[in-house]
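A.B. asks:
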RNA sequence: GGAGACUUCGCCUAGUCUGGUCUAUGGCGCCGCACUGCUAAUGCGGUUGAGGUUAACCGCCUCUCCCGGGUUCGAAUCCCGGAGUCUCCGCCA
């Protein structure tokens, strides 16, 4: 949710942000109107309520006719208060709905436009010179690392079994990611992957992403699509110390229905219903958020360097930002058989947007409580295996394990077990 | 799955049976001031959070006793639903 004070003071800023995203400006005016209506309703209710309380104080001492008259008046008042209270309730709901409809304010400097209007910040590393490279699935099957067919038999499409050296490689990658995270001062976390509706809604995933989410009807719980959800909700409703940013690294399984992606990335493990992910998550003061964003990006790039992948960094255009994000950087690794870069990491600065909904605050130097800023960023997913397999493949179908990964994988070359 | 106890303004706690004087008691902690030439001790004052009014402040008002409803002129207190914590029973890969 955006800051209502900012909206009142500078509505044009929000309108400009909506234009940059290519989204409707009318939601801004709807929100302004809803805010105005709510304040009027609140004032009407409070006036009546104050009068009711005044009269209520006289009640215990009143006797006889005086008491009867008082009772008659307060009875009327009570009815009026009830009506006014209901009006406030309705106005609150309307305000909340209008509030949720407005995405975060785009940060200054974000390129305007849609998906293809990103700006490439840099390209790093050398693309491998491969003669007739095999794609990750062919390599995965050759190595006994990925079993899509049996996954489909047991669970359906987009549910791979990771097997043999594939399982070892994934575990090694994740272990490296967690060690890197700890080295950078992040607190490792293994969160629950089933969460209550509040956590899901608080992180904004029941809005545009609702159809992407698995839900357990019998228990009214949701399967998270990223550990961002439990990590963000971790401090919900709390006032936390933020003299230093609070940083976490969550390792969790993620579940996505991939409802809108039929026919997209159907081959291999690029896009699956269930995968593990190491996700970084920071809480910090709003004024530190931009620096924290760079920090998360730097950790991601450090990790990409450790696994020796060629990649580029893009500054995502406004129209391609999630509704919570004010700015987003993606690291995309080179995928030889696709001849293009594919997203491996994504780090978003959500400023106070997410924390306002989740009510995460800190105490400022002057003793006042303020809404925190939140940021998130990817540190490892199975999609990284796609890039690692393809970029480090050898002519014989084996795969070189990057040096930094070797201790965690337990070997320097991937070959079929046995 | 069943039964019971509990949840109060940072922490602990009084109040709930018997609705109004609860503008929620006391202790601890924290902040400020005074005093003692340091520290400590002592005294005084302050200390939940949110919203509205205001250019802002002061002040005033409203809401907030786990959450949501209800009863009532009036709810921390009574009723219903939910969440969480603990205890016991049952079941269990």
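Residue numbers (my numbering): 14 to 431. All C-beta atoms, glycine included, are put in the ideal place defined by N, C-alpha and C.
Looking only at C-alpha atoms, which of 423, 41, 371 sits nearest to residue 250?
C.D. replies: When only C-alpha atoms are compared, the closest one is 371.
A.B. asks: Determine, using beta-carbon pairs with one atom in the segment 239–258 and one in the segment 291–307, whether at least three such pairs fall under 8 Å.
C.D. replies: Contact between the segment 239–258 and the segment 291–307 is present, because at least three Cβ pairs lie under 8 Å.
A.B. asks: Which residues in the same chain have their Cβ closer than 7 Å to the Cβ of residue 202, if we skip the five residues on either side of it in sequence?
C.D. replies: Correct list, in chain order: 244, 261, 262, 263.
A.B. asks: Could you give the first and the last residue of the continuous beta strand (DSSP E) run that contains residue 391?
C.D. replies: Per DSSP, residue 391 belongs to the beta strand (DSSP E) from 386–393.
A.B. asks: Rounded to a whole number of angstroms, what is the C-alpha to C-alpha distance between residue 279 and residue 171?
C.D. replies: Roughly 7 Å separates the two Cα atoms.
A.B. asks: CB-CB under 7 Å to residue 127, same chain, minus the five flanking residues each way: which ones, in chain order?
C.D. replies: Result list for residue 127: 35, 330, 332, 333, in chain order.
A.B. asks: Quick one: grab the DSSP three-state call for residue 326.
C.D. replies: DSSP places residue 326 in strand when its eight states are reduced to three.
A.B. asks: So, using beta-carbon positions, are residue 366 and residue 117 closer together than 8 Å?
C.D. replies: Yes. Within cutoff.
A.B. asks: Express the C-alpha separation of residue 358 and residue 190 in angstroms, rounding to a whole number.
C.D. replies: In a straight line, the C-alpha of residue 190 is about 12 Å away from that of residue 358.
A.B. asks: Answer with buried or exposed for residue 390, where buried requires no fewer than 16 other C-beta atoms within 10 angstroms of its C-beta.
C.D. replies: Buried is the call here.
A.B. asks: Which class does residue 60 belong to by DSSP, given the choice of helix, strand or coil?
C.D. replies: Residue 60 falls in the helix class under three-state DSSP.
A.B. asks: Hey, which unbroken runs of the beta strand (DSSP E) at 3 residues or more fall wholly within the segment 54–140?
C.D. replies: DSSP runs (the beta strand (DSSP E)) wholly in the segment 54–140: 132–137.
A.B. asks: Mapping the DSSP letters down to three states, classify residue 289 as helix, strand or coil.
C.D. replies: Residue state, collapsed to three classes: strand.
A.B. asks: Could you give the distance in angstroms between the alpha-carbon of residue 198 and the alpha-carbon of residue 143?
C.D. replies: For residue 198 and residue 143, the distance between alpha carbons rounds to 38 Å.
A.B. asks: To the nearest angstrom, report how far apart residue 258 and residue 340 are at their CA atoms.
C.D. replies: Each residue's Cα considered, the two are about 18 Å apart.
A.B. asks: The alpha helix (DSSP H) spanning residue 356 covers which residue range?
C.D. replies: Here residue 356 belongs to no alpha helix (DSSP H); instead the beta strand (DSSP E) covers 353–362.
A.B. asks: By Cβ distance, which residues of its chain are closer than 7 Å to residue 407, with the 5 residues on each side in sequence left out?
C.D. replies: Taken in chain order, the residues that qualify are 413.
A.B. asks: Just tell me which of 348, 277, 176, 283 has its CA closest to the CA of residue 431.
C.D. replies: When only C-alpha atoms are compared, the closest one is 176.
A.B. asks: Within the continuous alpha helix (DSSP H) that includes residue 319, where are the two ends?
C.D. replies: Taken as a continuous stretch (DSSP letters only), the alpha helix (DSSP H) holding residue 319 covers 302–319.
A.B. asks: Out of 97, 164, 253, which one is the CA nearest neighbour of residue 54?
C.D. replies: Cα-wise, what sits closest to residue 54 is 97.
A.B. asks: Out of 298, 67, 355, which one is the CA nearest neighbour of residue 381?
C.D. replies: Taking only the C-alpha atoms, the option nearest residue 381 is 298.
A.B. asks: Is the segment 93–107 close to the segment 131–149, with three or more CB pairs under 8 Å?
C.D. replies: No contact exists between the segment 93–107 and the segment 131–149.
A.B. asks: Which residues bound the alpha helix (DSSP H) around residue 172?
C.D. replies: Run containing residue 172: none; DSSP gives neither H nor E here.
A.B. asks: If I'm right that residue 252 touches residue 376 with Cβ under 8 Å, what's the distance once you round it to whole angstroms?
C.D. replies: The Cβ separation is near 6 Å, so the contact holds.
A.B. asks: Give the straight-line distance between the Cα atoms of residue 45 and residue 15, rounded to the nearest whole angstrom.
C.D. replies: About 12 Å.
A.B. asks: Using three-state DSSP, classify residue 401 as helix, strand or coil.
C.D. replies: DSSP places residue 401 in helix when its eight states are reduced to three.
A.B. asks: How about residue 322 and residue 342: do their beta carbons lie closer than 8 Å?
C.D. replies: No, the Cβ-Cβ distance between residue 322 and residue 342 is not below 8 Å.
A.B. asks: So residue 296 and residue 255 are in contact, right, with Cβ under 8 Å, and what is the actual spacing, rounded?
C.D. replies: Going by Cβ atoms, the distance from residue 296 to residue 255 rounds to 6 Å, so yes, they are a contact pair.
A.B. asks: Measure the C-alpha to C-alpha separation of residue 74 and residue 108 and round it to an integer number of angstroms.
C.D. replies: Taking the straight line joining both Cα atoms gives about 41 Å.
A.B. asks: Based on Cα-Cα distance, which residue from 49, 316, 60 lies nearest to residue 195?
C.D. replies: Ranking the options by Cα distance to residue 195, first place goes to 316.
A.B. asks: Measuring alpha carbon to alpha carbon, tell me which residue in 136, 173, 84, 182 is nearest residue 429.
C.D. replies: Taking only the C-alpha atoms, the option nearest residue 429 is 182.
A.B. asks: Between which two residues does the alpha helix (DSSP H) harbouring residue 366 extend?
C.D. replies: Taken as a continuous stretch (DSSP letters only), the alpha helix (DSSP H) holding residue 366 covers 366–371.
A.B. asks: Note down, one range per segment and in chain order, each alpha helix (DSSP H) of at least 4 residues found wholly within the segment 176–230.
C.D. replies: If we require 4 residues or more, the alpha helix (DSSP H) runs fully inside the segment 176–230 come out as 177–196, 210–215.
A.B. asks: For the segment 231–240 against the segment 262–276, do three or more pairs of beta-carbon atoms, one drawn from each stretch, fall closer than 8 Å, so that the two count as touching?
C.D. replies: Result yes; three or more Cβ-Cβ pairs closer than 8 Å.
A.B. asks: Which of the three DSSP states is assigned to residue 28 in this structure?
C.D. replies: Residue 28 falls in the helix class under three-state DSSP.
A.B. asks: Is the beta carbon of residue 136 less than 8 Å from the beta carbon of residue 312?
C.D. replies: Not closer than 8 Å, so no.
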